[in-house]
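**Q**
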Amino acid sequence: MGRIEITRWRPEYELELLKRWEEEGLYREVVDLAADESYVVIDTPPPYPSGAWGVAQAAHYAQIDMVARALRLLGYKVLAPFYADRNGLPAEVATEKAFGIVAHEMAKTPEGREAFLRLVSELLDKNEEALVRVWKRLGCAFDYWPDGTDSPRYRAMTQATFIEMWKRGLVYRDVKPVQWCPRCRTSLAEAEIDFVKEVGRLYYVKFRVLETGEEVTIATTRPELLAACGAVIYNPRDDRYRHLEGKHAVVPVYGHSVPILAHEMARPEYGTGLAMMCSYGDVRDLVFFKEQGLKPRVIVEKDGTMNRLAGPLEGLKVEEARRRIVEMLRGEGLLVNEEEIVHEVPVCWRCKTPVEIIHVEEYFLRQLDFKDDVLRVADSMEFYPVEHREKLDIWVKSLAMDWPISRTRYYGTEVPIWTCTKCNHVILPAPGKYVRPWRDPPPVDSCPSCGAPRDAIVGESRVFDTWFDSSVSVLYVVNWLERPEVAARALSRALRPQGYDIIRTWLYYTTLRTWLLTGRPPFRWVRITGMGLDEKGRAMHKSLGNVIYPEPYLEKYGADAFRFWSAVASRLGSDYRWSEATVRSGLLFATKIVNIARFVTSFEEPRGGASLRPLDRAMIAYAARTAREVAEGYGKLDVYEPTLKLYHLIWDVFASNYVEMVKPRVYGRAGFSEAEVAGAVHALYRVLRLSLKLLSPIMPFICDYIWRAVEGGTVARERLTEDDLRDEGGDPGLMERVVELNSAIWKWKKERGMRLGERVEGVLYLPEELRDVAEDVKRFHRVREVAVGKPEAWDFELMPGVYLALDRGTG
RNA sequence: GGGCCCGUCGUCUAGCGGCUAGGACGCCGCCCUGACGCGGCGGAGGUCCGGGGUUCGAAUCCCCGCGGGCCCA
């Protein structure tokens, strides 16, 4: 077949191959979930197109592609889609910034809302395009689905899951305290909250003990919440206040009395050691009120102003209220002291407004009732590596609240509900169609409950938390909406690849939702990767300014080199550190492979008539053993171990030892038979081919390039066969011994200042187990004579059992 | 503030109760080049995060710190 002419691997060759792959349709693997048996569905993480990928994300997707290709090599059909997660706040914010607009203003009319949505969508299109460009350049053979999570198809499915859960009573509408941004006027998920260090003031306020009249001092940063104070606490270990147990404190200004309790939440060293608990200053208050069964008194409104219950502070913004109450306290001599402190304040991540906790009506998904089920389901999935399963278990056990799933935002899947304003009756559409209640007419002509006319029925304007969408990604991939039975079965062939940072969100929510909807585990396999770190070992964040982008490195070293790094950067599940040096090693490895192939293909492959020497069989057996190990690693969804093993096989054993040893034979200067020469060439081709197949999931470009020259066709369609794993009766251990022996002889020559090709005038004595390769060793190292056994006298013991007796009298 | 995970040459790691802690990348020196400046041989580099304990014996088990990460507050 063809010969390899190039001597060096260059990134430009990859661009040529990409074109061919595109033409040959390599990216479209047709998997019929209903008919095919042996397939794997990959629930590729739909990325959020809010910005460009750094090397960490690029590496993550490259690894997913390696797994997909590896599973194909092992004989599975693999569905590996790629689509974008396009719902959510970040794109809205970016759009507001780019055009200097405010979503809440525009969305006051349906037309304005529509216009805003178009702008967001266009921005997403642009960003998504950039992501697609990167993974294609990386050689990822994903099936690109232009329909992302904001497509009518996906949203119809999300809504169908909601309708189903509503009907089964799994979601409900309720008024509960949530974290709220007064400026954006929306509930916030935990993920949407930032903490900023801020210089604030700690105020020491005098309270009176109801029963004894004693005066105590309480330190607080939120004196404006005095009206909402529900308790005063001290730490149970704090002797100073133990005598207050069971008594009550009278709240200054407002005059109501609250219980004084011992509680772990109080920190003795903070302020005076006495703290007031209000509804609500922060999340700890929330937990406290719930735990103690205290009745909250909500004094802050949705717009961040104080209400009637705040008495003299009514109508003031929170900050103004704080100034006012401080003046009042000071005037009455109740302010004992104030000091400056630096504390962490929870703020809305987008506008940095301090978050308030207030009661609002939202939709909630019941999750507390299903903790045991989720644990059981999680237990039935295979985790790679298994250690990370615990993160999910721990999280599930710690859950304390139902999941608020609605958001007052715009670019998201709408909550598919209409409500009758007359009787509060809830009207749901039929599942299967994407509806927009803020714009679409209700699906009924009059209220089915009270008969109120159509215009008394209003559509819900809120959208879902993005996790509500993304937690059904696997159902989208298996097409649950259209073929629920087929989809449910396909879940048993589904694989989830993701980072460990979102186990508590994406993996948890997916497990919960899939189990509730289908009664099954969402996945058979869960593959958990670590986080990408910069060269100094810090997580890469835009805010830290240490994000490294892949493009310049792809241009300089190529995708194979980049993929090589991402495969060997760390063991599966551990954090991986960026290393340009390793990327460079990847390129050198590709060049090495080119030259091995160049050497091998300079000989015509024999058609029969080959006689294999034991050395050839040993090499083949060694390669076959590696192949089995690599296949096993791939089967465990690992690319780290397989890549290191292949590197060792190809470079250290095959190139440095076997190839060098057979040179005397194939160049015809050692007096071997024709059949034996053919045997060497046969083995060279055999090992080359096997290496290319095995390495093709990791470095598809170089492998495909050579495969096309040697075999014709693409290596991407090749499967690992029984034939590949045959060892020809050879002994892999023999090959290892040969490597050791060569090393020992090289070292000996080196120490004596000899050139490696220099003749050795003497007799080399080999142990019995190396008898079969004696002739090859003799020709390779140019030793005058090789014998087997231990001599009576010798000059050097090169390694245990190997002796060298030099000739006498000649020099 | 809480929970969990992790700390072995500069880096990635092997070892998980018992030989002088092994390998790879990088670095330094020497050498080589009829596939490849690709490599070969040698060298430097580790108090196995620190402290205490268990044990005849600990990188390995236990406890306390310190440092890093993730998540939740």
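Heads up, the first sequence is in the numbering used here, so the first residue is 41 and it goes up one at a time. Note that the Cβ used here is the ideal one computed from N, Cα and C, for glycine as well.
Measure the beta-carbon distance from Val298 to His288 and round it to whole angstroms, keeping in mind my assumption that it falls under 8 Å.
**A** With a Cβ gap of about 6 Å, Val298 and His288 count as contacting.
**Q** Could you tell me which of Gly793, Arg112, Pro469 sits nearest to Val81, measuring between CA atoms?
**A** If we check each option's Cα against that of Val81, Arg112 comes out closest.
**Q** Quick one: Cα of Ala650 to Cα of Glu714, how far?
**A** Approximately 8 Å, taken between the alpha carbons.
**Q** Our contact map puts Leu266 next to Val293 with C-beta atoms below 8 Å; I'd like the distance itself, whole angstroms only.
**A** About 6 Å; that satisfies the 8 Å criterion.
**Q** Could you name the residues that DSSP lists as bridge partners for Lys493?
**A** The amino acid at residue 493 is misidentified as Lys; the sequence shows Pro. BP columns for Pro493 point to Ser486.
**Q** Report the three-state DSSP secondary structure of Phe202 (helix, strand or coil).
**A** Phe202 falls in the helix class under three-state DSSP.
**Q** So Leu863 packs on Asp816, CB below 8 Å; how close in whole Å?
**A** A question about residue 863 goes unanswered here, because the residues of the chain that appear run from 41 up to 851.
**Q** Along the chain, where does the alpha helix (DSSP H) that runs through Ile300 open and close?
**A** Segment 297-302 is the beta strand (DSSP E) holding Ile300; no alpha helix (DSSP H) there.
**Q** Is any non-hydrogen atom of the ligand PLP found closer than 7 Å to the C-beta of Met316, if you look at the structure I gave you?
**A** This structure lacks the ligand PLP, and indeed carries no ligand of any kind.
**Q** Less than 8 Å between C-beta atoms, sequence neighbours within five positions excluded: which residues of the same chain meet that for Met839?
**A** Glu780, Leu781, Ala784.
**Q** Take Glu645 as the anchor and find which of Gly719, Leu760, Trp786, Asp763 has the nearest alpha-carbon.
**A** Closest option to Glu645, Cα to Cα, is Gly719.
**Q** Is it buried or exposed for Thr850, if we count other Cβ within 10 angstroms and need 16 for buried?
**A** No answer about Thr850 holds up, because its pLDDT of 49 lies below 50 and its placement is not dependable.
**Q** Ignoring anything shorter than 4 residues, give me the alpha helix (DSSP H) runs that lie fully in the segment 620-676, in order along the chain.
**A** For the segment 620-676, whole alpha helix (DSSP H) runs of length 4 or above, ordered along the chain, are 620-640, 654-675.
**Q** Quick one: is Ile434 buried, meaning 16 or more other Cβ sit within 10 Å of its Cβ, or exposed?
**A** Under this definition Ile434 is an exposed residue.
**Q** Between which two residues does the alpha helix (DSSP H) harbouring Trp520 extend?
**A** Premise fails: Trp520 is in no alpha helix (DSSP H) and is neither H nor E.
**Q** Verify whether the separation of the beta carbon atoms of Trp520 and Leu677 is less than 8 Å.
**A** No, Cβ-Cβ distance for Trp520 and Leu677 is not below 8 Å.
**Q** By the DSSP assignment, the alpha helix (DSSP H) with Glu132 in it spans what residues?
**A** First-last of the alpha helix (DSSP H) with Glu132: 129-139.
**Q** Given a cut-off of 8 Å, decide if Thr448 and Pro222 are closer than it, judged by their beta-carbon atoms.
**A** No. Outside cutoff.
**Q** DSSP on Gly115, reduced to helix/strand/coil?
**A** Three-state DSSP puts Gly115 in coil, outside helix and strand.
**Q** Helix, strand or coil, according to DSSP, for Asn377 in the structure here?
**A** In the structure shown, Asn377 sits in a strand (DSSP, three-state: E or B).
**Q** Check whether the segment 739-750 touches the segment 666-675, counting contact only when three or more Cβ pairs, one atom from each stretch, lie closer than 8 Å.
**A** Verdict: no, contact absent.
**Q** Go ahead and label His428 buried or exposed: buried means 16 or more other beta carbons lie within 10 angstroms of its beta carbon, across all protein chains shown.
**A** His428 is buried by the Cβ-count criterion.
**Q** From the DSSP output, in three-state form, read off Arg792 for me.
**A** The answer is coil: DSSP assigns Arg792 none of H, G, I, E or B.
**Q** Answer yes or no: do Val455 and Arg502 have a C-beta to C-beta separation smaller than 8 Å?
**A** Cβ distance < 8 Å, so Val455 and Arg502 count as in contact.
**Q** Report all residues from its chain with a CB closer than 6 Å to the CB of Tyr843; omit the five preceding and five following residues, and keep chain order.
**A** Contacts found: Tyr805, Pro831, Trp834, Glu837.
**Q** Taking the alpha carbon of Leu73 as the point to measure from, which residue in Val95, Asp83, Leu119, Val426 has its own alpha carbon closest?
**A** Closest by alpha carbon: Leu119.
**Q** State the Cα-Cα distance for the pair Pro524 and Gly42, rounded to the nearest angstrom.
**A** The alpha-carbon atoms of Pro524 and Gly42 are separated by roughly 50 Å.
**Q** Going along the chain, which residues of its own chain have a beta-carbon closer than 6 Å to the beta-carbon of Val107, five neighbours each way excluded?
**A** Hits under 6 Å: Leu677.
**Q** Might you give, ordered along the chain, the residues of its own chain that have their beta carbon closer than 6 Å to the beta carbon of Tyr184, omitting 5 neighbours on each side?
**A** The answer, listed in chain order, is Phe122.
**Q** Where does Arg277 land, buried or exposed, given buried means 16+ other C-beta within 10 angstroms?
**A** Label assigned to Arg277: exposed.
**Q** Classify Lys335 as buried or exposed, calling it buried when 16 or more other Cβ atoms lie within 10 Å of its own Cβ.
**A** Burial call: exposed.
**Q** With burial defined as no fewer than 16 other Cβ atoms inside 10 Å of the residue's Cβ, what is the status of Arg48: buried or exposed?
**A** Arg48 comes out exposed.
**Q** Tell me the residue span of the beta strand (DSSP E) that contains His288.
**A** Run containing His288: 288-290, per the beta strand (DSSP E) assignment.
**Q** What are the boundary residues of the beta strand (DSSP E) that Pro217 is part of?
**A** 211-221 is the span of the beta strand (DSSP E), which, as asked, contains Pro217.
**Q** Looking at the strands, I want to know which residues DSSP matches up with Val417.
**A** Answer by DSSP bridge pairing: none, since Val417 is not bridged.
**Q** Would you identify the three-state DSSP class for Tyr67, choosing helix, strand or coil?
**A** Looking at Tyr67 - three-state DSSP - the assignment turns out to be coil, as it is neither helix nor strand.
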